[in-house]
Each structure stands twice: as C-alpha cells, then as structure tokens.
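Here's the structure we're looking at; comments come further down.
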Amino acid sequence: MSQVYESLSLANHSREIDAVQKVGLALGGIGVLLLFVAWGGIGLSSPALMLSTSIGLMTVGTLVYAWRSYMTVPEGIKNNGVWFDSLSNKGVLGWLFAIIITGFYVLLYFYPSLLGQGSDGAANTGIVALFDPLSRLLNGKAASQWFVYGTLYTVAILLLGFKFILKYRHNKYQLWRTISVMFFQLAFAFLIPEFLESMNSDQPYFQKDIKNMWPLNFYFYQDWNVNGMLGGGSLGLFMLFWGLAMTFIVSPILTFYYGKRWYCSWVCGCGGLAETAGDPYRHLSDKSVKAWKLERWLIHSILLLVTVVTIAIIYAYLKGDPGHKIWMTPMIFVIIVVVLSALVAAILLKNKTEVITSLGNKAFTGLLVALGGIAVLSVVAILTSGYDVFFIPTHQLKHWYGFLVGSVFSGVIGVGFYPLLGSRVWCRFGCPMAALLGLQQKFFSRFRITTNGGQCISCGNCSTYCEMGIDVRHYAQRGQNIVRASCVGCGICAAVCPRGVLRLENGSVDMDKRTTDLKAIHIGEEGVKLM
Amino acid sequence: MHIVIIGNGISGITAARFLRKRSEHQITVISAETDHFFSRTALMYIYMGHMRYQDTKPYEDHFWEKNRITLKKAYVKSVDFNNKSLQLDNGTLAYDKLILAVGSSPNKFGWPGQDLKGVGGLYSYQDLERMEHYSKDLKHAVIVGGGLIGIEMAEMFHSRHIPVTFLVREASYWDAVLPPEESQMINRHILENGIDLRLSTELKEILPNENGEARAAVTNKGETVDCQFVGLTAGVHPNIGFLKDTALEVQKGIIVNEYLETNIKDVYAIGDCAQASKPAPGRRPIEAIWYTGRMMGETVAHNITNNKVAYKPETWFNSAKFFDIEYQVYGNMRATLIEGHETIYWEHPDGKKSIRVNYNKATGAIEGFNLMGVRYRHEVCKKWVETQTPIEEVLANLGLANFDPEFFEQYEEFVVEAYNKQTGKQLVLTQKRALNAVSKFLSKLVKTN
Ligand SMILES: Cc1cc2nc3c(=O)[nH]c(=O)nc-3n(C[C@H](O)[C@H](O)[C@H](O)COP(=O)(O)OP(=O)(O)OC[C@H]3O[C@@H](n4cnc5c(N)ncnc54)[C@H](O)[C@@H]3O)c2cc1C
Ligand code: SF4
Ligand code: SF4
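Residue numbers (this note's numbering), protein chains in the order written: chain L, 33 to 563; chain P, 1217 to 1665.
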C-alpha cells in the first residue's frame, strides 16, 4: 500500500500548477497577446494567418490546461481553493481581470474606432482589421466591431465550455446543457446569421438570430428592424413571425413544461457565457435577503421599462406608417395595449395575496399604478393624436434604454464585473427576458427543485455556488422545494450538494403545491403537526 | 419564562427556533465556540476553500435579533440546579428551564503524546483553526481513526496536496458500519486519491520534537511515520465534564427519557450529549449525528411548550461523502447482514457506484437501502420501509426512489436483474424515475396510513 502511495504522492505534492498546465496557460496567453499585438497594428499584413494563429493557440492552450487540470484526477466536484485564489476571490487578479474586460466593453460600445473600426467607409485597422478575412469568408463583408465581439464571444463559450465539460464530466445534466449552449451560440448566434446575411446582402438589415427574442432584444420592434423584416422578403417575414411566436407561444409553452432553464441555461448566449466563462465566479453572487430585494425591484422595473419603451416604439412606428404597410393601426394597437394591461391587472388582483407575499405591498401597488398609467397614457395619446405615448420623445426613450440597459448593464457590468459580482449579474438584476420567464416560472410552471426529505446538513454549498444568489439552503434545510423566479436551472446546486439533497424536476401532479407544504420530516408526522 | 439553551449547534438552535415559533418565552442561547450558529458539517469545506466561514452560517446575522433569540458568548463553568442558575466565565445567569445541547469532543484514548502541539481532532471551529495553523509548511499528516471525520480530514489535507497517512484500526475502512463490498469500494477510492491507507493499524504513541510538537507517529506495528500533525478522529464523546458530580444523572452522556427530560425537573438534554435511557429498538443510546440533533431540538421545543411528544426518530437515515463518492442509507442496514435478512447487491463496473437492498426472508418485507454514488429519495424509501412493503413490489417500482439528476443513467434494472439471478424469478422493473409517479405514490400512502 505504501508503494501505491509513493507513486501517486509525487503528483499530489505539487502545490502550484504543474509544468503541463503552465505550458497550456502560456500557449493560451500568447494567443491572447497576439490580439493585442494586432491591435497595435503589427502583423496585419497577413491577418488571416495572424488570427488563425491566435485562435489556434488559445484553443490548444485551453485544451491542454483543462485536460491536465481535470482528467488527471478522479471525477467529482472541483472547488478546492476557489476562495483562496486571487482570481476568483475578488483579489488583486480578480480586480485586474475585471478592469481589463470592462475596458474592452467600454471601447466596444462607445469607442469602437479605438479598436480599429473604420468609419465613413474607411478601411478597418487594428484588431477589427484582423477579423476582416474571417468576416469576408462568412458574410462577404469587412468586419465590424460587432463581428469581432461575436467571434471572441463564441470562441470563449466554445473553449471554456469544453473546460466546463471536463470539470463536470461526471454529471450528464451539465454535459448536455453545456453542449446545448455551445451549439446554440456557434450555430444560431454566430454562423447562421452570418450566412443568411451574406445570402441576403442586398436586402435591408435585420437581426437574424432565431434564438433571440423580445424582450431580451428590445430592438425587435424598432423601426429599422421591423422595416428590415418587412422589406426582407420571405426570410424577413419568417423572422417577424418567428420572433412574435417565440415571445408569445414557444417560450410560454416551454417555460410551462421545463421552467425558464430551457432558455437561460440551455439556449441563451448571455447565459452561455455566464455558464462557461463565468463559471469560476459563480460563488461571488450576493446571497443576502437585501440583494434579493434589490433584485426584485430592479429586474421588474426593467421589464416594465422595456414594455413602456416598446409600446412607445410600436406606437410611433404605426403613427409614422400612414401607407399601412401592415394592417395594424395606432388605434388597434392602443386597444390591444389597454386590453392587455387590464388582463395583467386582473391576474394580479386575482392572485393578490400570493403576489404580495412574494413581491411586497409596495411593488404590488406600483405595478397596478404602472399598468393603469400605461393604459391611460396610451388612450390620451390616441385621443390627442400625439406621436409620443409617454410624452417623452420616443427616440430618447429608446436611446437611454439602449445605453443604460442594453450597453452599460448587460455588457459593461454584466460581463465586465464577473470577477467581482459573479457571473449572472445581468441575468439576475437586469434581463427583462429573465424577469418575464421568471414570473411564469414562479406562478405557472411545472418546474421546481425538490428537496430530499431530511438529508440536508445545512452545509451551504448549494447557496454558495448558486450563481443567481438564491439561498437554496434556506429551503433545503426545512425540506421545502425551491421555486424561485430567478432560478435558471443550471443544476449546480444539485451537483455540489454533498448529501444528494437537491433535484431539478418537472411534474404536473402537484404543480399548484410546489411550494406550499413543508415536507420536513424532522419528527414523525403522526406525533406532531408540522408548521 | 426564561429558557436558556447551552450550545448553539444544530440541536440547540433548532430548539430555539421552534420555541420561538411556538411561544413568546424569553430565549437565550449560550456558546463558548462562536458568536453565531454555523454548520459544523461544513468545517471541511472552509479548509478546502469551497466556502468561507460566513457561508457556513445557515442564518444571516440579523435573523437572531429579528426573532428575539438572545445570543451569548460565554463558557458555562457549572450549573447550580437547586437555584436554577448558571455560573459563566463572565457572570451568572438564571433560568426557568434549561436545555443542555452541549455537543461532543474528539476522543483521546490515553496515547502517549496525545496532548502535544500539532495533535488534535476536528470538531470545533477552534480545531479548524489549529489545523489551519499547522498546515503551514506541513510536510506530512497522520490521521488516526477510520470513521467519517477521519476521511474528511484526509480529504482536507489532500486538497492542499499535503501527503496523508491514514491509520485505520479495522481491517477495512468503516467496516463496523459498511458491508464489505461498500467498505472495500471506499478503500480503493482512498488509495486512488493517493492517501497512504494503513488498515489494521493502530496508533501507539506520538513522538515530540524539542519544541513539544508532534514529530512522528509510531504504530502498533512498530512503524514510525514522520509527520508534523496528528489528527485524532477516533470517535467523539459528550461534553459533560462541567456537569460531573452534580445531581444530574450522567453515564457516557446525559441520561434522558423519551421526552428528552433529564432526572432534574425543567432540565432537558438534546443532540450529541443526550443518552437515551430506553432507546427505540434497533437504535443506539447516543446517536451523535446532525439529523438526530435537529429532530431532538424540534421535539424538546414541543415538550416545553405544552405539547408533550415522545422523541421518535423513526426510520434510520444518514448520508456522507467519501472524497467523491456519496453515500446514503435508509432503514436497518448493518455491516454484517442481520439474521433472517437477505441482501441484493449491485455494483457498477466502474467500482464507484452500488445499490444494496435488504429484505426480510421470512416476511418478504423491505428492510432498507445502502447507496454509493447513487441518490435515493428519502420519503419514498421511508414509506416503503415503514409500511413493510414486499420486496418484489419495491423492486418493480424501484425507479420511484431514484433521485439522481436528469439524464443520469438509471441502474434499477440491474438491481432487479441481480434479484432474479439470486432467486430464479422473472421480476420486471415497471417504474422508472418519474416525479409524477412519486407524487402520486406519496400522497396515496399518506391517505392509507
Ligand atoms: C467535521 C464534522 C463533520 C460532520 N459531518 C456530519 C454529517 O455529514 N452528517 C451528520 O449527520 N453529522 C455530522 N457530524 C456530526 C454533527 O455535526 C453533530 O452530531 C452535531 O453538530 C451535534 O450538534 P449538537 O447541537 O448536539 O452539538 P454541537 O454542534 O457540538 O454544539 C454544542 C455547542 O455547545 C458548546 N458548549 C459545550 N459546552 C459548553 C459550555 N460548558 N459552555 C458554553 N458552551 C458550551 C460547544 O462549544 C458547541 O458550540 C459531523 C461532525 C463533525 C465534527
Ligand atoms: S437554485 Fe440551483 S439550479 Fe437554480 S440557479 Fe441556483 S444553482 Fe442553479
Ligand atoms: S442542500 Fe445540500 S448543499 Fe445545500 S445545505 Fe443542504 S446538504 Fe448542503
């Protein structure tokens, strides 16, 4: 026995990352460095070679590092030292990393020319020029900063997704869901839209990612996108109908059966990045009740805001469409808005107690006031035949929403702050899509996380590693199922639980009773009535 | 009425919480260990860097004030049962009712050198601090005692790449509780992780260096293992030192009746420190585990608030994790098969998962389940055991018990196959893993009960 030990102990003894891992890190690092070199304008004489070398090195580096890190040790949970590592415990490295990604986002959104984006027809330079050949190959045009972003984003999900798969290779749920987000990112968000773009380059531009839907892409109803789709031939019409169907039919049905996870941790690109690149930071989410309160206010306000902005946009669009390219008139639209507001208000009133317990009194009143306001203002707008439903110029609403929510929140804070606030800041506090799916998940879905009787030892692993900051333990230790609007169904709580307490499941039989009973079996149910 | 609880572990805190739910009495919880309740079971995860101390606290700090539970950090030096008063290291405190939830401490069996520096168990937060302190520049650790805490300690050092020698007195790891197949599975897994497992080996003495620190451990086989830390994990005993020589009846633990009352009026004992005078059939007088502490805490709260209920722990269950292999048990499962029981055992070819189902040969009733690397549903297993369901009904519906995550392979058919092979029957698995079927099954049973 001692002999077995001797041979194994050598590998175990190394406290630091070993030589092979270092090689992996170095190769990947050089790959990243090449991007910076190109940014500085060096090596752009043969951008194709430069880019393939860079991405190739990143790929090989990640593969080597991940393989060496995970395949040389038995399968299982790999959280050793998470809170000791400066990169993942908000230490100096974490801050540094956060500053670098945040900086990248600021350039990307607000100063693309600094990245080399050519304006007014000028050729690209810098890092954007590096991507020109790939862009030409895929869609026939020169690259833009968004193409650079899309490519790097996809590469990150694919490579770090691979790492994630090795890390959780004992867990089939993690395996399939990661393959799924990798596939949707590569095919639906990246390749297919680029191909479609190149085949329809003579037509006006509209977004062609069929997994994307309102309200995540709040621009769906904006004039350029609607006009693009209307003028975009059969593909444009398909995208219009598909986009509507996604929001109003496909998503509600899937969410009913499986909870919001079908989107948030199986399909969505934001979720995809959070689950792969963001995985090392999931424990940084704030679990306090305070944070939960903030979350509910923020995310639902943003859902309300995006609704308001969208109503304004559609109304203004219809107003500006006297030629009646579409059958809907401003009048019909306002009627629909009023009816929908009334419907939502009715649902709220009907479930008053439940809504108040989960959202609070103030939120409940606020919602009713907001719905009334939307309805009244829409009617006022049509009666005074004004252009702007909410008396704020629609283009300004659009602009500020796009700036604050679309860019600053989802990009700069959402991804840039991964190493400081955790990987799902945007998904938890900002995303209106998550808010909408969450409401449905909470009130009208078969999904829940079941607790395994009395087996919980209150250790806290589940809560710690919940990227949505849900205090899973709170429920688990009292034997209660977990039904939370924000749960994205990543399944990590169930994976890290050392006592096999949690299971993500869907069931119709007791859908209405998902949360009501405490099924704690602390003491015999006959002897004592549990409360 | 002022209810004072000594001990802020799971049993004391559960008692406090349920007392608050059921009454408006004044509640004070005293502990010398930490300001707030934390999960002792998670100590290893702090050391391994999975969590920080604050992550192991099941309730946020504002919880206590909000629920009017007074927390007091103090050491109780003695109890004056006649005058209902506690002598603290920083004052005195009067009580109307007293709950002793004082937990336990690691055993020391009089080994020479057991009190040296760099020697200690793993039970309290202070023990963890000691381990952390000695981990700096630690070249080699020796762990004594092949139980649940020993293997946790081995995993802890292993996570920091500190080589470990693990001395286990028994011929196979935890073989007083695990049947041979499961026990051997864990032996293999311990070795796979590079731990120097030495079975049938006991500690003889610990040698000091010139600073009074552990320098080496000597085994009963005469081997000397150089080390700078010796972990003592050969079981625990109740913390009753400060209660000795009082009117309180104690043996190994504090003697309680089925209502968790001690021999002194208005004094109760729960959790690790309680010793049942008449344990339920098949149960031990002291069961030092998390779940029993929680159940006793709840029960005692009922008893104090005028709802007299006996402590009835019902079907045994427990769980643990040995490095990467999870373990769950439901029902009456022993290391050596109980007379008149029959066992069905299936093991995965990877040698890291197994399912064991025991039943009564004479009546055919299910007795219990032992799971390694597979998760089973507590409520389903409990209902089956408590309603003495026939083995064939259990096996045909075995999927109801499966609690593994979605997409995980289901192994129930192999268990049925093993049963068929053993008995020559042609039983077929009819129920796979399915939540709806579970909901129906559980609600049906509740009604027919
Ligand atoms: C590392 C480890 C892992 C474990 N893992 C598991 C597991 O996975 N599953 C499981 O079921 N069980 C597990 N256990 C056992 C379980 O944790 C204990 O059974 C349980 O915590 C006991 O709870 P308790 O409330 O009875 O006592 P304790 O939690 O020990 O609480 C007693 C408290 O009282 C204080 N105290 C004692 N005397 C005095 C005094 N005179 N004055 C003031 N304060 C005093 C102590 O300092 C202590 O804080 C584990 C134990 C350890 C140590
Ligand atoms: S509760 Fe569990 S499944 Fe839901 S988001 Fe948190 S970790 Fe993921
Ligand atoms: S559910 Fe599991 S991970 Fe969460 S506190 Fe309980 S035992 Fe720990």
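All C-beta atoms, glycine included, are put in the ideal place defined by N, C-alpha and C. From a predicted model like this one, the values you see are computed outputs, not experimental measurements.
Three-state secondary structure (DSSP) of residue i
i, result
"P/Y1627", "coil"
"P/N1224", "coil"
"L/L223", "helix"
"P/Q1303", "strand"
"P/R1238", "helix"
"L/N393", "helix"
"P/W1532", "coil"
"L/Q254", "coil"
"P/V1295", "strand"
"P/D1331", "coil"
"L/D164", "helix"
"L/S34", "With a pLDDT of only 38 at L/S34, under 50, the local geometry of the prediction cannot be trusted, and the value read off the model is given with reservation. The answer is helix: DSSP assigns L/S34 an H, G or I state."
"P/E1418", "coil"
"L/Q53", "helix"
"P/P1424", "strand"
"P/P1606", "strand"
"P/T1519", "Per the sequence shown, the amino acid found at residue 1519 of chain P is Asn instead of Thr. DSSP places P/N1519 in helix when its eight states are reduced to three."
"P/R1256", "helix"
"P/Y1592", "strand"
"P/P1621", "coil"
"L/K545", "helix"
"L/T483", "strand"
"P/P1395", "coil"
The alpha helix (DSSP H) enclosing residue i, as first and last residue numbers
i, result
"L/A526", "524-528"
"P/M1588", "Careful: P/M1588 lies outside any alpha helix (DSSP H), inside the beta strand (DSSP E) at 1582-1588."
"P/D1540", "That residue, P/D1540, is in no alpha helix (DSSP H); it is neither H nor E in DSSP."
"L/R293", "293-296"
"P/N1652", "1651-1664"
"L/I346", "321-351"
"L/T210", "204-215"
Residues near residue i by beta carbon distance below 6 Å, same chain, minus five either side
i, result
"P/I1222", "I1246, V1292, L1316, V1318"
"P/V1358", "T1381, A1433, V1441, C1443, V1446"
"P/F1253", "N1224, I1229"
"L/Y251", "N257"
Other residues of its chain near residue i: CB distance less than 7 Å, five sequence neighbours each side excluded
i, result
"L/G532", "N484, Q487"
"L/F476", "F288"
"L/L399", "L380"
Candidates the options: closest to residue i by CA position
i, options, result
"P/G1366", "P/T1646, P/G1336, P/E1555", "P/G1336"
"L/S167", "L/E226, L/F423, L/F365", "L/E226"
"L/T85", "L/I109, L/N121, L/H431, L/F163", "L/F163"
"P/I1422", "P/G1326, P/V1220, P/K1460", "P/G1326"
"L/G581", "L/N383, L/L337, L/I197", "Nothing about residue 581 of chain L can be reported from this structure: the residues present for chain L run from 33 to 563 only."
"L/S333", "L/V55, L/N112, L/L170, L/L468", "L/L468"
"P/G1265", "L/V55, L/V114, L/Y143", "L/V114"
Extent of the continuous beta strand (DSSP E) to which residue i belongs
i, result
"P/Y1341", "Taken as a continuous stretch (DSSP letters only), P/Y1341 belongs to no beta strand (DSSP E), being part of the alpha helix (DSSP H) at 1341-1351."
"P/I1560", "1557-1563"
"P/S1320", "1320-1322"
Close beta carbons around residue i, own chain, < 8 Å, minus the five adjacent residues each side
i, result
"L/Y253", "W246, T342, I345, I346, Y349"
"P/N1403", "S1388, Y1389, L1413, L1415"
Cutoff 9 Å: residue i Cβ touching any chain A Cβ
i, result
"P/M1264", "Annotation note: the requested chain A is absent from the structure, which comprises protein chains L and P."
Between the segment 1585-1593 of chain P and the segment 1609-1621 of chain P, are three or more C-beta pairs nearer than 8 Å?
-> Counting Cβ pairs under 8 Å, three or more are found: they touch.
Is the number of C-beta pairs between the segment 1275-1289 of chain P and the segment 510-519 of chain L that are closer than 8 Å three or more?
-> Three or more beta-carbon pairs separated by less than 8 Å are not found between the segment 1275-1289 of chain P and the segment 510-519 of chain L, which leaves the two stretches without contact.
Does the segment 153-168 of chain L touch the segment 60-78 of chain L, meaning 3 or more C-beta pairs lie closer than 8 Å?
-> Contact holds: three or more Cβ-Cβ distances are below 8 Å.
Taking contact to mean at least 3 C-beta pairs separated by less than 8 Å, is the segment 1551-1567 of chain P in contact with the segment 1514-1528 of chain P?
-> Taking a cut-off of 8 Å on C-beta distances, the segment 1551-1567 of chain P does not touch the segment 1514-1528 of chain P, as fewer than three cross pairs fall below it.
Segment contact flag, the segment 489-502 of chain L with the segment 311-327 of chain L, C-beta cutoff 8 Å, min 3 pairs | Proximity of the segment 489-502 of chain L to the segment 311-327 of chain L meets the contact definition, three or more beta-carbon pairs being nearer than 8 Å.
contact_flag[the segment 131-147 of chain L, the segment 328-336 of chain L] where n(CB pairs < 8 Å) is 3 or more = Of all C-beta pairs linking the segment 131-147 of chain L to the segment 328-336 of chain L, fewer than three are shorter than 8 Å, placing the two stretches out of contact.
Inter-stretch contact at 8 Å, needing at least 3 Cβ pairs: the segment 1597-1611 of chain P / the segment 1560-1579 of chain P | They touch, by the three-pair rule.
Would you call the segment 122-129 of chain L and the segment 424-442 of chain L touching, i.e. three or more CB-CB distances under 8 Å?
-> The answer is no - the segment 424-442 of chain L does not touch the segment 122-129 of chain L, with fewer than three Cβ pairs under 8 Å.
Using 8 Å as the Cβ pair cut-off and three pairs as the minimum, do the segment 298-310 of chain L and the segment 212-231 of chain L touch?
-> Short answer: they touch.
For the 8 Å Cβ check, are there 3 or more pairs between the segment 188-203 of chain L and the segment 223-240 of chain L?
-> Three or more Cβ pairs closer than 8 Å define a contact, and the segment 188-203 of chain L falls short of that threshold against the segment 223-240 of chain L.
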